[in-house]
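Have a look at the structure below, then the notes.
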Amino acid sequence: MSSIERKLTTILAADVVSFSRMMGKDEVATLAALKSCRAIIDDSVRAHHGRIFGGAGDSVIVEFASPLDAMMSALEFQKLLVERNTHFADRPPMQFRVGINIGDVIIDGDNLYGDGVNVAARLEALAKPGGICLSRKVYEEVKRKLQVLFVDGGMQHLKNIDEPVAVFHVEATEAGADGGAVRTGIERRPTAAERPSIAVLPFANMSTDPEQGFFADGITEDIITALSRFPNLIVIARNSTFVYKDKAVNVTQVGRDLGVKYVVEGSVRKAGNRVRVTVQVIDAATGEHIWAERYDRELSDIFELQDELCGSIVAILPGRVESALVQQLTRKPPEDMAAYDLVLSAKIHHHKFTREDNAKALDLLQKAIALDPNFAPAHAWKACTLGQAMARGFTDVPEKFWEESLKEVETAYRIDQNDVEANRILCEVAMYERDWEKAKLHQDRAYRLNPNDSRLVAQRGELLTWLGRAEEGVKMLETAVRLDPYEAHARAHLLGRALLALGRYEEAIEAYKRIAHPRAEHLADLAACYAALGKAAEAKAAVAAALRVDPAFTVATYAGRLRYTVAADQERHVEALRKAGVPA
Numbered sequence: 009m010s011s012i013e014r015k016l017t018t019i020l021a022a023d024v025v026s027f028s029r030m031m032g033k034d035e036v037a038t039l040a041a042l043k044s045c046r047a048i049i050d051d052s053v054r055a056h057h058g059r060i061f062g063g064a065g066d067s068v069i070v071e072f073a074s075p076l077d078a079m080m081s082a083l084e085f086q087k088l089l090v091e092r093n094t095h096f097a098d099r100p101p102m103q104f105r106v107g108i109n110i111g112d113v114i115i116d117g118d119n120l121y122g123d124g125v126n127v128a129a130r131l132e133a134l135a136k137p138g139g140i141c142l143s144r145k146v147y148e149e150v151k152r153k154l155q156v157l158f159v160d161g162g163m164q165h166l167k168n169i170d171e172p173v174a175v176f177h178v179e180a181t182e183a184g185a186d187g188g189a190v191r192t193g194i195e196r197r198p199t200a201a202e203r204p205s206i207a208v209l210p211f212a213n214m215s216t217d218p219e220q221g222f223f224a225d226g227i228t229e230d231i232i233t234a235l236s237r238f239p240n241l242i243v244i245a246r247n248s249t250f251v252y253k254d255k256a257v258n259v260t261q262v263g264r265d266l267g268v269k270y271v272v273e274g275s276v277r278k279a280g281n282r283v284r285v286t287v288q289v290i291d292a293a294t295g296e297h298i299w300a301e302r303y304d305r306e307l308s309d310i311f312e313l314q315d316e317l318c319g320s321i322v323a324i325l326p327g328r329v330e331s332a333l334v335q336q337l338t339r340k341p342p343e344d345m346a347a348y349d350l351v352l353s354a355k356i357h358h359h360k361f362t363r364e365d366n367a368k369a370l371d372l373l374q375k376a377i378a379l380d381p382n383f384a385p386a387h388a389w390k391a392c393t394l395g396q397a398m399a400r401g402f403t404d405v406p407e408k409f410w411e412e413s414l415k416e417v418e419t420a421y422r423i424d425q426n427d428v429e430a431n432r433i434l435c436e437v438a439m440y441e442r443d444w445e446k447a448k449l450h451q452d453r454a455y456r457l458n459p460n461d462s463r464l465v466a467q468r469g470e471l472l473t474w475l476g477r478a479e480e481g482v483k484m485l486e487t488a489v490r491l492d493p494y495e496a497h498a499r500a501h502l503l504g505r506a507l508l509a510l511g512r513y514e515e516a517i518e519a520y521k522r523i524a525h526p527r528a529e530h531l532a533d534l535a536a537c538y539a540a541l542g543k544a545a546e547a548k549a550a551v552a553a554a555l556r557v558d559p560a561f562t563v564a565t566y567a568g569r570l571r572y573t574v575a576a577d578q579e580r581h582v583e584a585l586r587k588a589g590v591p592a
């Protein structure tokens, strides 16, 4: 007989208050609300390293390795559920009770059994609506690490549990400690803000051709699936949004029904052998249009067209949602921001590329890490911002910044190996260090996680160029430009370099001319392309412009930063620079 496997772990049990009564009154609305609430809970559980292993209907049972993670997740999602319920003033709020226990459990495959689980479920039944009830074991582990009011609930006899259990309740407010209330010594602040939530409604078929109806549904489903790859978005599932198919909808009401901030609408219209797809993003609370675009394409291979349109829409849409959030953040003081807000605000400053903004970004990212040490994007973006400081000369201690940057990105990766930003930055680090196997590993992982992220597509094109596969690199970089034309100027130098490596100098010149704020090396490359085409006057002017930006610029220093793995590619580039008259 095989031995029974056991372990000590933290169990969280949650259940909807009066779910059966709510279902009896309105099944459709209750199920939609449940899905919306579960999206919030599941997201918080994942963010705090929990594993959902049980539950049915309106209940959920989660395992956490750390009781502090379990508490932080419960505090976070209960707060977010309260915020969500404020959008439903005209109907009963959906509230959850939560119980948390530390106990011994039996492991059976992916499932856990035993008193450790049963006690958590019994504690959940003792919790107030919207509240949290925990065993003394959990209380002892977290009481000094969170500032909430713990009220001693005494010894409780729980159903089917032999021994009475000491329980504590978490008060919803910190005002007026009374009775057996206990206050811990560290201020409690939110660990993260709710990520932007979005619902993609079924695209309308504006033609009489039923085939276009299938095409419209296919685009909608592909967009939902692709958007779900973006970790900073909460995306409502297809089953919830397709209930609105072929119905006249009020976007504000949809936002309330699904508990989302943004709604995507679209339509498909066929005209001859062409198809027109329109898409718009609307702020569900205000009805304000955030972004709209129209795509006109030849109708040839319908599935290929569907993939192309979906890719283009998905590459641009998250950035437009983020831009809308940025506008809101400009009116929000940092002390009122949570970790996600702080990272988003830091990215605003990061993208301004000045010494002052770089320092401000680092300060905001440090605040985000202090609020939530396990928020991987905060560590990843700090690493990226430190790297920017080194690359642009914003620091007098580059060695220190380099060590700190490595430490931060490795921390992000340790927290979450599937964090896109961590893998993207680790690829950048590996390319800088010429560790090509590591660069390929992290780029492949990042690209696999989200092939619709134009930044990752562009990075793939850069890596392929360095690896002597510039032809493939150009295709990837052109795809990145097509996916997000708004950011084409920021990636023009990568496309220019790939075209230069292929000897396609005319096209390379056009790419380099699209750079909004060219650096010395970009102008030197432009000069090299002119020289290769025998345009001496243009080459001379471009060299002069490069030296105005950086008087110390030379072929030797720049050649050391070129990372071609194929010697012939490096030699061709260097020779073109010399021919242009760049100082040796």
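Using our numbering, you'd call the opening residue of the sequence shown number 9 and step up by one each time.
Glycine included, every Cβ here is placed at the ideal spot set by N, Cα and C.
Fair warning: this is a prediction, and the values are worked out from it, not measured in the lab.
- Option in 400, 237, 406 and 386 with minimal Cα separation from residue 422: Residue 422 sits at position 414 when you count from the first residue of the sequence shown. The shortest C-alpha separation from residue 422 is found at 386.
- Query: Buried or exposed: where does residue 294 fall if 16 or more other Cβ atoms within 10 Å of its Cβ makes it buried?
  - Reply: Here residue 294 refers to the residue found at position 286 of the sequence shown. The residue in question, residue 294, is exposed, as its Cβ has fewer than 16 Cβ neighbours within 10 Å.
- Query: Is it true that the CB of residue 347 sits closer than 8 Å to the CB of residue 380?
  - Reply: Taking the first residue of the sequence shown as position 1, residue 380 is located at position 372. Taking the first residue of the sequence shown as position 1, residue 347 is located at position 339. Yes.
- Element boundaries [beta strand (DSSP E), containing residue 250]: Numbered from its first residue, the sequence shown carries residue 250 at position 242. Careful: residue 250 lies outside any beta strand (DSSP E) and carries neither H nor E.
- Note down the Cα distance separating residue 82 from residue 75, rounded to an integer number of angstroms. Taking the sequence shown and counting its residues from 1, one reaches residue 82 at position 74. Taking the sequence shown and counting its residues from 1, one reaches residue 75 at position 67. Roughly 11 Å between the two C-alpha positions.
- Message: Taking the straight line between their C-alpha atoms, what separation do you get for residue 290 and residue 48?
- Response: Within the sequence shown, residue 290 is the residue found at index 282, counting from 1. Within the sequence shown, residue 48 is the residue found at index 40, counting from 1. So the two alpha carbons sit approximately 21 Å from each other.
- If you follow the beta strand (DSSP E) that residue 303 is part of, which residue opens it and which one closes it? Locating residue 303 in the sequence shown gives position 295, where the first residue counts as 1. Run containing residue 303: 297-306, per the beta strand (DSSP E) assignment.
- Message: Quick check: the Cα distance between residue 242 and residue 592, rounded to an integer number of angstroms?
- Response: As a position in the sequence shown, residue 242 is number 234, starting the count at 1. As a position in the sequence shown, residue 592 is number 584, starting the count at 1. One C-alpha to the other measures close to 53 Å.
- Task: Examine chain D for any beta-carbon lying closer than 8 Å to the beta-carbon of residue 474, and answer yes or no.
- Result: Included in the structure is just one protein chain, with no chain D present.
- Consult DSSP for residue 314 and reduce its assignment to one of helix, strand or coil. Numbered from 1 along the sequence shown, position 306 holds the residue referred to as residue 314. Three-state DSSP puts residue 314 in a helix.
- Message: Starting from residue 441, trace the beta strand (DSSP E) in both directions and tell me its first and last residue.
- Response: As a first step, residue 441 is located in the sequence shown; it is residue number 433 there, counting from the start. Segment: none, residue 441 is in no beta strand (DSSP E) and carries neither H nor E.
- Message: residue 79 and residue 108 - do their beta-carbons sit closer together than 8 Å?
- Response: For the purposes of this step, residue 108 is identified with residue 100 of the sequence shown, where counting begins at 1. For the purposes of this step, residue 79 is identified with residue 71 of the sequence shown, where counting begins at 1. Yes; because the gap between Cβ atoms is below 8 Å, this pair is in contact.
- Item | Separation of residue 225 from residue 318, as counted between CA atoms | As a position in the sequence shown, residue 318 is number 310, starting the count at 1. As a position in the sequence shown, residue 225 is number 217, starting the count at 1. About 12 Å.
- Item | Buried versus exposed call for residue 390 [16 or more other C-beta atoms within 10 Å across all chains shown] | Along the sequence shown, one-based indexing puts residue 390 at 382. Counting Cβ neighbours within 10 Å, residue 390 comes out buried, since at least 16 surround it.
- Query: residue 109 bridges to which residues according to DSSP?
  - Reply: Counting from 1 along the sequence shown, the entry for residue 109 is found at position 101. Residue 109 is bridged to 19.
- Relative to the alpha-carbon of residue 564, which residue among 360, 582 and 575 has its alpha-carbon at the smallest distance? Locating residue 564 in the sequence shown gives position 556, counting from the first residue. It is 582 whose Cα lies nearest to the Cα of residue 564.
- Message: Let me make sure I understand the geometry here. Which of 33, 496 and 283 has the alpha-carbon closest to that of residue 221?
- Response: By 1-based counting over the sequence shown, the position of residue 221 is 213. Ranking 33, 496 and 283 by Cα distance to residue 221 puts 283 first.
- Message: Do residue 209 and residue 306 count as a contact pair if the criterion is CB distance below 8 Å?
- Response: To locate residue 306, count along the sequence shown from 1; it is residue 298. To locate residue 209, count along the sequence shown from 1; it is residue 201. In this structure, residue 209 does not lie closer than 8 Å to residue 306 by Cβ.
- Item | Assigned exposure category for residue 121 - 16 Cβ within 10 Å defines buried | Here residue 121 refers to the residue found at position 113 when the sequence shown is read from its first residue. Classification for residue 121: exposed.
- Task: Tell me whether the beta-carbon of residue 86 lies closer than 8 Å to the beta-carbon of residue 162.
- Result: The residue given as residue 86 occupies position 78 in the sequence shown. The residue given as residue 162 occupies position 154 in the sequence shown. Against a cut-off of 8 Å, the Cβ pair of residue 162 and residue 86 comes out as no contact.
- Taking all protein chains shown into account, do 16 or more other C-beta atoms lie within 10 angstroms of the C-beta of residue 216, making it buried, or fewer, making it exposed? One-based indexing of the sequence shown puts residue 216 at position 208. Counting Cβ neighbours within 10 Å, residue 216 comes out exposed, since fewer than 16 surround it.
- Message: In the DSSP assignment, the beta strand (DSSP E) including residue 409 goes from what residue to what residue?
- Response: Here residue 409 corresponds to residue number 401 of the sequence shown, with the count starting at 1. It is not in any beta strand (DSSP E) - residue 409 instead sits in the alpha helix (DSSP H) that spans 406-423.
- How do the segment 403-416 and the segment 536-550 stand: do at least 3 beta-carbon pairs fall below 8 Å, yes or no? no
- Per-residue DSSP class, three states only, for residue 121: The residue you call residue 121 lines up with position 113 of the sequence shown. Strand at residue 121.
- Contacts around residue 377, its chain only, beta-carbon distance under 6 Å, and the 5 residues preceding and following it disregarded: Residue 377 sits at position 369 when you count from the first residue of the sequence shown. Cβ neighbours of residue 377 beyond the five flanking positions: 386.
- Rounded C-beta distance between residue 14 and residue 116? I'm assuming under 8 Å. Here residue 14 refers to the residue found at position 6 when the sequence shown is read from its first residue. Here residue 116 refers to the residue found at position 108 when the sequence shown is read from its first residue. Contact flag wrong, Cβ pair sits at about 11 Å.
- Query: Anyone know if the C-beta pair for residue 235 and residue 128 falls short of 8 Å?
  - Reply: Along the sequence shown, one-based indexing puts residue 235 at 227. Along the sequence shown, one-based indexing puts residue 128 at 120. It is not a contact, given that the beta carbons lie outside the stated cut-off.
- Top-ranked residue by Cα proximity to residue 301, from 260, 308, 22 and 285: As a position in the sequence shown, residue 301 is number 293, starting the count at 1. The residue with the shortest Cα to Cα distance from residue 301 is 285.
- Quick one: Cα of residue 104 to Cα of residue 67, how far? One-based indexing of the sequence shown puts residue 104 at position 96. One-based indexing of the sequence shown puts residue 67 at position 59. Cα to Cα, the separation comes out at about 9 Å.
- Task: Would you please state the rounded distance, in angstroms, between the beta carbons of residue 509 and residue 478? I believe it to be under 8 Å.
- Result: Taking the sequence shown and counting its residues from 1, one reaches residue 509 at position 501. Taking the sequence shown and counting its residues from 1, one reaches residue 478 at position 470. Yes, they are in contact, since the Cβ atoms of residue 509 and residue 478 sit about 4 Å apart, within 8 Å.
- Task: Confirm, please, whether the CB-CB distance from residue 570 to residue 561 is below 8 Å.
- Result: Indexing the sequence shown from 1 puts residue 561 at position 553. Indexing the sequence shown from 1 puts residue 570 at position 562. Result no, Cβ atoms of residue 561 and residue 570 do not sit closer than 8 Å.
- Message: On the CB-based measure, 16 or more other CB atoms within 10 Å of its CB, does residue 517 come out buried or exposed?
- Response: Along the sequence shown, read from residue 1 onward, the residue named residue 517 stands at position 509. Its Cβ being crowded by 16 or more others within 10 Å, residue 517 is buried.
- DSSP state of residue 572 mapped onto helix, strand, coil: Position 564 of the sequence shown, counting from 1, holds the residue named residue 572. Reduced to three states, the DSSP call for residue 572 is coil.
- Message: For residue 514 and residue 269, what's the separation of their Cα atoms in angstroms?
- Response: For the purposes of this step, residue 514 is taken as residue 506 along the sequence shown, with counting starting at 1. For the purposes of this step, residue 269 is taken as residue 261 along the sequence shown, with counting starting at 1. Rounded to the nearest angstrom, the two C-alpha atoms are 46 Å apart.
- Message: Let me make sure I understand the geometry here. Which of 140, 136, 484 and 254 has the alpha-carbon closest to that of residue 469?
- Response: Residue numbering aside, residue 469 sits at position 461 when the sequence shown is read from its first letter. Closest option to residue 469, Cα to Cα, is 484.
- Message: Starting from residue 59, trace the beta strand (DSSP E) in both directions and tell me its first and last residue.
- Response: By one-based count along the sequence shown, residue 59 stands at place 51. Start and end: 59-62.
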